[in-house]
Amino acid sequence: MADALTQIEDAFRARIKAAVPGLKRVLTPEELPVKDAHLPAAVVGLGNELIHDYLVGEPGDRIIERHQQVDVIVVLDEGREDFKAASRALTNQVRAALADPRALGIEVEDVRLVSSQPQTFQSEKGSQGGFLLAFLVQYVSPENDPATISPRQ
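In this text, residue positions in the sequence shown follow our numbering: the first is -13, and each later residue adds one.
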């Protein structure tokens, strides 16, 4: 089984791909800039682990509540006539798709949007733009196996 962070990234990609049909691709950060043929697209990547709290148990056998940032970039061709409206519409669809943590299909406790910022990228043929959405994912893992996601006891 994949580690916790891989599970979270994969769950975000799968959920966005299933719930936002207006996107041609859901990619990794290594695939930026996005090829024009793949636009509009979303790029999903991990940010920092922001917080972790030890909840219960003895040292070495404690349960840890973790908060991991996941960044989703909605990318479109800035040359589109309807760029602003299209980027906002796709961004709102991504936000709605990730509003319910149960929709991810993994044992995370909460997913919250913590930031939304317009972004511009240079591509081979001009500019690409859209929104950078930062989500905070809350989940629990055992201290002795931090690579797993487990339900809260």
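Note that the Cβ used here is the ideal one computed from N, Cα and C, for glycine as well.
Would residue i and residue j be called neighbours here (beta carbons separated by less than 7 Å)?
i, j, result
"Val94", "Ala120", "no"
"Ser127", "Ile50", "yes"
"Ala133", "Asp(-4)", "no"
"Val30", "Val61", "no"
"Phe(-2)", "Val56", "yes"
"His38", "Arg48", "no"
Opposite residue i in the DSSP bridges: which residues?
i, result
"His53", "Ile37, Gln124"
"Val61", "Ala27, Gly116"
"Thr106", "Gly115"
"Val97", "Val123"
"Val12", "Ala28"
Should residue i go down as buried or exposed, given a rule of 16 or more other Cβ atoms within 10 Å for buried?
i, result
"Tyr125", "buried"
"Ala83", "buried"
"Gln54", "buried"
"Arg98", "exposed"
"Thr(-8)", "exposed"
"Leu36", "exposed"
"Pro87", "buried"
Output yes if chain B places a C-beta closer than 7 Å to the C-beta of residue i; else output no.
i, result
"Asn78", "Absent from the structure is chain B; it holds one protein chain and no more."
Would you mind working out which of the options sits nearest residue i, comparing C-alpha positions?
i, options, result
"Lys10", "Pro19, Leu18, Ser113, Ala27", "Ala27"
"Gly112", "Arg52, Val20, Ala75, Phe(-2)", "Val20"
"Ile25", "Leu76, Arg138, Val123", "For the sequence presented, residue 25 should be read as Leu rather than Ile. Nearest option by C-alpha distance: Leu76."
"Ala5", "Ile135, Asn130, Ala89", "Ala89"
"Tyr40", "Glu129, Ile135, Glu16", "Glu129"
"Lys70", "Val42, Pro7, Thr106, Pro15", "Thr106"
"Asn34", "Val123, Gly43, Pro137, Asn78", "Val123"
Under the assumption that residue i contacts residue j (Cβ atoms under 8 Å), give the Cβ distance between them as a whole number of angstroms.
i, j, result
"Gln67", "Gly115", "In the sequence under discussion, the amino acid at residue 67 is Glu, which differs from the Gln named in the question. That belief does not hold up - the Cβ atoms of Glu67 and Gly115 are roughly 14 Å apart, past 8 Å."
"Val117", "Gln103", "The sequence shown places Phe at residue 117, not Val. So it is a contact: roughly 7 Å between Cβ atoms."
For residue i, verify whether its CB is less than 6 Å away from any heavy atom of the ligand SAH.
i, result
"Val56", "Ligands are entirely absent from the displayed structure, and the ligand SAH is therefore not among its contents."
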